[in-house]
Amino acid sequence: MIGLIFGATGQATRFCVRGAIADWVIFRGPARLVAWMLAVAIGAACTQLLIVGGTLDATRTLAWAPRLPWASYLFGGALFGFGMVLCGGCPQRNLVKAGAGNLRSVLTLLVVAVAALMTLRGILAGVRVSMFDAWVIQLSGPQDLGSLLAPALHLSPPAARGLLTVLVSAAVLAFAWRVRRSLDAATVLGGSLVGILVGGALFLTGHVGFVAEHPETLEPAWLGTQSRRPEALSFSAPLGHLLDLLTMWSDKSTLLSFGVVVALGVLAGSHASARWRGDFRWEMFSSPREFGAHVAGALLMGFGGVTALGCSIGNGVSGLALLSLGSVLAVLGLTAGTCAALWLQARRAARHDGAAVPQGMAPAASGQALN
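If you read the sequence shown in the working numbering, its first letter stands for residue 1217, the second for the next number, and so on.
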């Protein structure tokens, strides 16, 4: 159900992290940026309610792990951000577009899945471990911002997390109010629903799927997730897991995990929404150059998403909602990579048109930014 709602919401409102960054950088369009910010703020509020209510043990999530592979977050995020510009969207956005008939997105998703699986335990795993994962800071406690800032604020970690959530929510509401004339109900509803879905995912995987004593190991266990931890929403690694499941179906060690089911749900939800709204249409590559750009971008997203321990949704929404320092680093890298790719696109467009290279982002790049 979470995947179906996310897919329908993404198709109807065009929720997209890449689009949020591109719209703002190119011509200061705030609508999708506000949707992204609302998703983070509402997701953070839902998450804190789950933690305070004792429903979620966030210390067992990967986003709160004491091990902080900062280089993986930064550089993996940058590669992912660059790649999602080449592909016209992140894996979540491409799932939505594939459901609406975009065959470019189908190829993108297939290449992301292959690259993610290669990075998890294939030929690219060694590159990931030797180049990025070796740079680690071992913290004494969880890497959430509340725990890290609590001593400086003279507050307990729960109080610090609550304060940060309130401050983030207030900042988002203030910005949304400032640009309210550029917003519509669909934008606000879309971002809000995504935030609620993040909370719903953590409730399902962290509470409903929790077993205090697994009958085989006699230890606490979180069933249904690939990591055997509480999980929210993410798409890069689950696409790799889906490919693994399809190619090794008879292997009993493979798992139809929560992330895989959500990804399939997004595809189905988008398709249903596109059919109902009359938006379904087949689309294909217009040139070999476009084909090559999508393949290259998908490879970068598959490798970068796994290296950064999350995609634009895994880090950019779910991780930020958990106030994870690693996700903050990943989003900084993702934003830098996205802006670099947009700048290169604008420069190439200016050269093609015979005009001077623009100081900022040329309007010529805005057409893709609106996808």
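Cβ coordinates follow ideal geometry from the N, Cα and C atoms, glycine included.
9 Å Cβ cutoff met for residue i and residue j
{"i": "Met-1517", "j": "Arg-1320", "result": "no"}
{"i": "Arg-1344", "j": "Ser-1288", "result": "yes"}
{"i": "Ser-1452", "j": "Gly-1526", "result": "yes"}
{"i": "Val-1482", "j": "Leu-1220", "result": "yes"}
{"i": "Leu-1266", "j": "Gly-1422", "result": "yes"}
{"i": "Ile-1529", "j": "Pro-1307", "result": "yes"}
{"i": "Glu-1461", "j": "Trp-1280", "result": "The residue asked about is misnamed: residue 1461 is Leu in this sequence, not Glu. Not closer than 9 Å, so no."}
Rounded C-alpha distance that separates residue i from residue j
{"i": "Leu-1290", "j": "Ile-1237", "result": "17 Å"}
{"i": "Pro-1431", "j": "Arg-1497", "result": "49 Å"}
{"i": "Gly-1520", "j": "Pro-1446", "result": "22 Å"}
{"i": "Ala-1562", "j": "Leu-1420", "result": "43 Å"}
{"i": "Gly-1415", "j": "Val-1250", "result": "19 Å"}
{"i": "His-1568", "j": "Val-1328", "result": "29 Å"}
{"i": "Val-1478", "j": "Ser-1502", "result": "30 Å"}
{"i": "Ala-1578", "j": "Val-1301", "result": "Reliability of the predicted coordinates at Ala-1578 is poor, the pLDDT of 45 falling under 50, and no value is obtained from them."}
{"i": "Met-1334", "j": "Phe-1298", "result": "19 Å"}
{"i": "Phe-1474", "j": "Thr-1463", "result": "18 Å"}
{"i": "Ser-1489", "j": "Ser-1356", "result": "47 Å"}
Residue i in three-state terms, based on DSSP
{"i": "Val-1427", "result": "strand"}
{"i": "Ala-1281", "result": "coil"}
{"i": "Ile-1237", "result": "helix"}
{"i": "Glu-1499", "result": "strand"}
{"i": "Ala-1581", "result": "Confidence in Ala-1581 is poor, its pLDDT being 38 and thus under 50, which makes the residue's placement too unreliable to answer from."}
{"i": "Gln-1359", "result": "coil"}
{"i": "Gln-1354", "result": "strand"}
{"i": "Trp-1393", "result": "helix"}
{"i": "Gly-1549", "result": "helix"}
{"i": "Ser-1486", "result": "helix"}
Terminal residues of the alpha helix (DSSP H) in which residue i lies
{"i": "Cys-1262", "result": "1247-1268"}
{"i": "Ala-1401", "result": "1401-1419"}
{"i": "Lys-1313", "result": "1307-1315"}
Distance between beta carbons of residue j and residue i, contact taken as under 8 Å
{"i": "Leu-1278", "j": "Ser-1443", "result": "6 Å"}
{"i": "Val-1533", "j": "Gly-1259", "result": "6 Å"}
{"i": "Leu-1588", "j": "Gly-1425", "result": "In the structure displayed, the chain extends from 1217 to 1587; residue 1588 sits before or after that span and is not available."}
{"i": "Ala-1314", "j": "Leu-1325", "result": "6 Å"}
{"i": "Ala-1524", "j": "Gly-1235", "result": "19 Å between Cβ atoms; not a contact."}
{"i": "Leu-1284", "j": "Val-1352", "result": "7 Å"}
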